[in-house]
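Chemist: Next up is a structure, given as structure tokens.
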Amino acid sequence: YPELLRSPRFWGYALASGFSSGAFFAYLGGAPFVGQVVFGMSPATLGLFFGAPAIGYFLGNFLTGRYARTYGVNRMVLWGCFANATGGLVSLLIFTVGLGTPLTFFGMMTVVGLGNGLVIPNATAGMLSVRPHLAGTASGLGGAIMIGGGAGLSAWVGVLLTPQTGAFPLLWMMLITALLGLVSILMVMRRERQLARAKA
23 YPELLRSPRF WGYALASGFS SGAFFAYLGG APFVGQVVFG MSPATLGLFF
73 GAPAIGYFLG NFLTGRYART YGVNRMVLWG CFANATGGLV SLLIFTVGLG
123 TPLTFFGMMT VVGLGNGLVI PNATAGMLSV RPHLAGTASG LGGAIMIGGG
173 AGLSAWVGVL LTPQTGAFPL LWMMLITALL GLVSILMVMR RERQLARAKA
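Each residue of the sequence shown is one higher than the one before, starting from 23 at the first, in this note's numbering.
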């Protein structure tokens with residue numbers, strides 16, 4: 023653990039994965055409230071819409087398998103973080119102008135799922151590559167950071183959401199965590215450029 027925790031690149035990959043999945047965990051904690059209280063959806067209809075991010079996640083995983091070797095894990099994580107942030111931002115803007123509907127809300131969550139499908143597998147591969155002799159430790163520690171942080175965000179969103187706030191605390195939390203994930207992978211890319219210059 024100490025060797026991994028001293029690595030900026032490990033932290034960058036772990037935080038990119040943690041923040042990106044945090045947006046999804048926030049969705050898991052807040053979407054049932056939004057569906058039932060904000061939109062008045064029945065449990066059956068909400069259950070149907072609730073799985074929207076899984077469609078995007080499936081597509082993101084497919085694109086990872088197809089293009090990760092071509093473009094590298096850093097670019098894939100970067101694009102995933104950007105998709106994640108885009109989904110949250112567009113949904114927030116739609117709600118801000120008063121046009122939020124179940125279709126727009128859950129539809130944009132498909133874009134968030136796409137981002138997670140790009141970020142999580144590639145960031146995990148990045149974590150394992152930082153110290154190959156500690157791959158198992160990196161996998162466990164990175165997973166703990168991702169799941170622990172996600173659980174905390176899910177609970178926190180549940181506290182913030184009220185009938186008066188509507189969906190806004192959830193959307194802001196998703197956007198903020200997505201942007202932090204974007205910053206995290208940009209830090210990794212900056213660190214790798216520094217290491218490349220040092221070797222040269």
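Heads up, the beta-carbon is just placed ideally off N, CA and C, and yes, glycines get one too.
(1) Can you look up T228 in the DSSP assignment and give me helix, strand or coil?
(2) Applying the 10 Å Cβ sphere with the 16-neighbour rule, what's the burial state of R31?
(3) Using 8 Å as the cut-off, can you tell me whether the region 169 to 178 makes contact with the region 144 to 152, which would need three or more C-beta pairs spanning the two stretches below that distance?
(4) If you draw a straight line from the alpha carbon of R213 to that of V59, how long is it in whole angstroms?
(5) Within 10 Å of its beta-carbon, does V141 have 16 or more other beta-carbons around it, so buried, or fewer, so exposed?
(6) Taking only three categories from DSSP, how would you classify E92?
(7) What did DSSP end up calling L193 once you bin it into helix, strand or coil?
(8) Alpha carbons only, please: which of L50, A36, L81 and S29 is nearest the one belonging to W178?
(9) Where S113 and M131 are concerned, what is the direct C-alpha to C-alpha distance, given to the nearest angstrom?
(10) Count the other CB atoms, across all protein chains shown, that sit within 10 Å of the CB of S161; report buried if there are 16 or more and exposed otherwise.
(11) Give me the residue from G52, G139 and Q216 with the minimum Cα distance to T184.
(12) Count the other CB atoms within 10 Å of the CB of I169; is the residue buried (16 or more) or exposed (fewer)?
(13) Looking at the structure shown, is L27 part of a helix, part of a strand, or coil, going by DSSP?
Modeler: In brief:
(1) The structure shown has nothing for residue 228, since the chain only spans 23 to 222.
(2) Buried: at least 16 other Cβ atoms inside 10 Å.
(3) No: fewer than three Cβ pairs fall under 8 Å.
(4) Distance from the CA atom of R213 to the CA atom of V59, rounded to whole angstroms, is 45 Å.
(5) V141 comes out buried.
(6) With the sequence shown as reference, residue 92 is identified as Thr, and Glu is not the correct amino acid for it. Correct three-state label for T92: helix.
(7) helix
(8) L50
(9) 8 Å
(10) exposed
(11) Nearest Cα to T184 within the set G52, G139 and Q216: G52.
(12) Answer is exposed; the Cβ neighbour count stays below 16.
(13) Three-state DSSP puts L27 in a helix.
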